[in-house]
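Quick notes on the structure that follows.
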Amino acid sequence: MATDLTQEFCALRDTYIEKQFGRLNDMQRQAVFTTDGPLLILAGAGSGKTTVLVNRIANLIRFGSAHGSRQTPRPATEDDVKALRNAIMTGTAVPGWLDGMLRQNAVRSWNVMAITFTNKAAGELKERLRRMLGGEEGDEVFASTFHSTCVRILRRWAEEIGYPRSFTIYDTDDSQRVMKAVYKDLNVDDKFLPIKAAINQMSRWKDQLVSPEQALASPAKDTKGALTARIYAAYEKRLKEAGAFDFDDLIYQTVQLLAEHPDVREFYQNKYRYLLVDEYQDTSVAQFRLVSLLTGPERNICVVGDDDQSIYRFRGATIENILNFEKLYPGTKTIRLEQNYRSTSNILNAANCVIQHNTERKGKTLWTDNGEGDKVQVYTAENEQDEASHIADVIGQHLKAGGHLADHAILYRMNAQSAPIESYFTRAGIPHKIVGGQRFNDRKEVKDIHSYMSIVANPRDDVRLRRIINEPARKIGATTVEVIADLAGQEGVSMLDIISHADQYAKLSRAVMPLLKFWQIYQRLQDSLETRTLDEFAADVIELTGYKAMLEADAAKGHEDAADRLQNLGQLVNNVKNYCDQHGEEATLEGYLEDIALISDIDSYNESADQVVLMTIHSAKGLEFPYVFLIGMEEGVFPSEMSKYSEADLEEERRLAYVGITRAKKELYISNSVSRMLYGRTQRNEPSRFLREIEPEYIEETRSPVLEQRSRFGGWGDSYSDTVPGGASGYSGPSGWGRSASGYGNGYSAGSRSGYLNREYNAGESRGFGSAYANRGSSGGHGSGYGRSGGSTGYGAGYGSQYGSGNYSGAAQKKTEKHISFTGTPAQKPASAGPKHYEPGDIVEHKVFGRGQVVAVKPAAGDQIVEINFEKVGIKKTMANFAPLTKITAEE
DNA sequence: TAGAACCCCCTTTTT
DNA sequence: GGGGGTTCTA
């Protein structure tokens, strides 16, 4: 009888638990309820991967392996059954006394470890766990990145492998400095073997767990290989002497530690009984090994990944890890998540089209029931300014329709591409944020101060000591530094040790005074660290080292960036203070330095600020945005020049394209430019092959009107105008922005795929056109010139109106109207030419922000800074001559 | 030794 | 196009 009750209870318990995860689809729920043993989840883009991770952890902690289990902690009673049934029917929580009956082998939250790739992903995981499980339990789950996890382990056990606990973490810049020193030691010419190449090879070795000894022992393919192995060994020696790890070492050395010290390994295996690994497709051999070393005999290891989103092969990630997983863990359960909840089907189909061209994949087709949505908009720009302007147009239209800046992301292949967009947006006053690129912490002055701070934490760190010993200048020259280094080498002590009693060395006699003075400063810093708070210490570093005085002197001399640098240092102190506020009692110098070493820009990216966000596709992995602009879709840019000659590299580029496309939720805008200035040279690029791979039915193409014009005058070969439906102009309003031929857009592409993507662009000169174009911004007279192109109805009118400060009205002014036809009239004459001038009280129309009133005007370097109160978005500042502004002269 | 001019190099993606 | 390193000069 009791057994029957228990059986019934178990069945009800399944129902109850399933209800707790009722919002998941079948596959997701399967993943959640597979609590024990090895589990591989192949999760397509937007398939709710994080949701599954969070729910799976929540299930482990709340119910353990209860679901599907036919056991209960004690035999069930009739009251149990009744209460549970009631809870299910009413949808309320079970009474407290019943709670224990719902758990079977429930896991304590501190027994769970989740490893992610970025801090942001880790943070998001924690945040969602906190929301789902409540503060305490959520916080107790260990969720962290590979690198942070290793740092944490090493902080505890570093001495076991001969490193100090207060080790320093070297970034790429530090690595390069070490490498330069090694080159000098070994007399290597960096023309023969570029430093970058050596660092790369060394990094691959560490990714593959090849030790310096193994590298030296393995038969070298050529002299360079053998040399690189020697360099690797020398580099490692230096790092060990300095008590430092570089990024790769963090993983590599942790693996060594765990592999060689069973006691340490067992400690972690006992502590973390359930492991989850995110972004599994991007793990290296070393990371894979790390994970398997952490996995205990129970083999409760769950990895989540998507082979199609593997974009870090260049950095040692290997897709093999996904295949090897099933081999290393026989009996692995594999679950595929293929339903996409993020994007419209047009976007998803475009993504599928592209990725299908890859051969090296497990095969997976995403689907969605989100509806078709708009087609993917493909825009061909004339140049990168035109591309920027077009994006601004689209964003402007969205804002007018009630959209938000923060819903827009601009994604690109490489950081350099952000510059033209950035400069356009800045001048136009469009709030935006660039993620990545040069990080705050990479600035020279910031790194210098951090170097001071880290030699206080780790006196052995000669690399950072060298960096700042004469910064600001204190008469300790290169010769002196080399003497110190030699002495330190001879005596087997750190350079700082030598400096501390510099007066005992004859060789240093000439530099004794400055050196002892430096030693004094160092001691005062040590003292400051002990007696003051961390942010006060940071301020002391800036002050006592003379850094502040140096910058102030520079500023007084008129060095323009000195003031900026001072400001940055102020910001640095703020950052330290924030760190202290966040960590309270646990704030330490080491902790702070660790944070700045491991935390990237993307982690501090704040979605709540209403700004357009610009970042590389790599940085955007794992993120999503309603509107995505994928720019620079050109051969030589994306796919990048370097990848063209290797099929494997091309496939990685394609996966990157796939990642980019699948970031978009509602609308995707892809653009390519016929000409682009890159690295100070103007290139003409063909549209990317990835564009051609998308089936025409999912996209809608538009070309910059300037290009249209060009082909009409015969400058570009074939008669593109044939494909233009008569009379459709797509004119979209007076934008007034000098450089851009904005908004002509959609009319031109209506109905036909022009096939221009396949066309060869011969470098035809735009004769007779260029001059008109060049003048457009300032002189008004060109309007009629364009209008001349008789058949292109409305075109001339469109252009003229850009400068027709407001004397243009009616239907044409509504940007939303796409197919207004102008009947062959000549262009309107612009009302005025020359620089624009504004006064408080003027009513203006901004291409992006809409209408507003000028509240203040400040002169600035031949231009004006105009402060405008916009009806929709409030007060913004813009540059008068650059912003896409039109003065509305006549009140309507 | 320090400052300034110049030259040269680079530019794929990141923890 | 621009930053950083090197070299030259004071």
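The first sequence runs 0 to 891 under numbering that gives the first Met the number 0.
The C-beta atom is built at its ideal place from N, Cα and C for all residues, glycine as well.
Source: prediction; values computed, not measured.
Pick from the options that is closest to residue i, judged by C-alpha positions
i: Lys-474; options: Val-462, Phe-517, Cys-301; result: Phe-517
i: Ala-65; options: Met-178, Leu-11, Ile-354, Tyr-837; result: Leu-11
i: Tyr-837; options: Ala-855, Lys-846, Gly-849; result: Ala-855
i: Asn-118; options: Phe-145, Ile-40, Asn-104; result: Phe-145
i: Ser-143; options: Lys-664, Leu-622, Leu-597, Gln-610; result: Leu-597
i: Glu-371; options: Ala-105, Asn-684, Glu-696; result: Glu-696
i: Pro-458; options: Arg-107, Asn-54, Arg-164; result: Arg-164
i: Gly-849; options: Lys-857, Val-865, Gly-873; result: Gly-873
i: Thr-171; options: Arg-151, Gly-161, Ala-180, Ile-198; result: Ile-198
i: Arg-691; options: Pro-704, Val-673, Tyr-644, Met-632; result: Met-632
i: Leu-884; options: Thr-91, Val-843, Leu-52, Met-641; result: Val-843
i: Val-611; options: Ala-243, Lys-374, Ile-390, Ala-879; result: Ile-390
i: Asp-447; options: Ile-433, His-431, Ala-456, Leu-464; result: Leu-464
i: Asn-414; options: Gln-522, Ile-630, Leu-347; result: Ile-630
i: Ala-561; options: Glu-593, Leu-550, Gly-569; result: Leu-550
i: Gln-70; options: Arg-102, Ala-113, Ala-554, Pro-94; result: Arg-102
i: Asp-406; options: Glu-240, Gly-90, Glu-666, Leu-41; result: Glu-666
i: Gln-286; options: Ile-114, Ser-344, Lys-835, Gln-852; result: Ile-114
i: Phe-689; options: Ile-429, Pro-218, Arg-654, Asp-485; result: Arg-654
i: Thr-317; options: Arg-203, Gln-525, Pro-430; result: Arg-203
Cα-Cα separation, residue i to residue j
i: Asp-248; j: Glu-700; result: 48 Å
i: Gly-67; j: Val-393; result: 52 Å
i: Ser-734; j: Lys-399; result: Unreliable placement is indicated for Ser-734, whose pLDDT of 31 sits below 50; the coordinate value is still reported in the next sentence. Going by the C-alpha atoms only, they are around 14 Å apart.
i: Met-26; j: Thr-148; result: 30 Å
i: His-449; j: Ile-467; result: 10 Å
i: Val-254; j: Glu-444; result: 35 Å
i: Asn-339; j: Ala-44; result: 7 Å
i: Glu-123; j: Arg-55; result: 15 Å
i: Gly-679; j: Leu-23; result: 51 Å
i: Ile-16; j: Asp-245; result: 45 Å
i: Ile-616; j: Tyr-668; result: 14 Å
i: Arg-683; j: Ser-388; result: 19 Å
i: Gly-137; j: Ile-60; result: 10 Å
i: Cys-9; j: Thr-33; result: 17 Å
i: Pro-839; j: Phe-424; result: 23 Å
i: Leu-257; j: Leu-83; result: 46 Å
Per-residue DSSP class, three states only, for residue i
i: His-407; result: strand
i: Ala-233; result: helix
i: Gln-355; result: coil
i: Tyr-546; result: helix
i: Ser-788; result: Any reading at Ser-788 is ruled out, since the residue's pLDDT is 27, under 50, leaving its predicted position unreliable.
i: Gly-295; result: coil
i: Asp-368; result: coil
i: Val-140; result: coil
i: Lys-846; result: coil
i: Met-614; result: strand
i: Lys-835; result: coil
i: Glu-625; result: It is Pro, not Glu, that sits at residue 625 in the sequence shown. Strand.
Check whether residue i and residue j have beta carbons under 7 Å apart
i: Gln-416; j: Val-658; result: no
i: Lys-48; j: Val-303; result: yes
i: Cys-301; j: Leu-38; result: yes
i: Lys-846; j: Gly-395; result: yes
i: Arg-702; j: Thr-331; result: no
i: Ile-925; j: Gln-29; result: Any answer about residue 925 is impossible in this case: the structure gives the chain only from 0 up to 891.
i: Ala-656; j: Val-627; result: no
i: Tyr-311; j: Asp-281; result: yes
i: Ser-453; j: Asp-461; result: no
i: Leu-543; j: Phe-536; result: no
i: Leu-293; j: Tyr-267; result: yes
i: Leu-410; j: Asp-609; result: no
i: Glu-381; j: Val-673; result: yes
i: Pro-471; j: Tyr-546; result: yes
Near the ligand GTP: residue i beta-carbon under 6 Å from a heavy atom
i: Leu-101; result: Of ligands this structure carries none, so the ligand GTP is not represented either.
Meets three-Cβ-pair contact criterion under 8 Å: the segment 272–292 and the segment 576–589 | Flag = no, the segment 272–292 and the segment 576–589 do not touch.
Is it true that the segment 355–368 meets the segment 644–654, where meeting means three or more beta-carbon pairs spaced less than 8 Å apart?
-> Taking a cut-off of 8 Å for Cβ pairs, the segment 355–368 and the segment 644–654 touch, as three or more such pairs fall below it.
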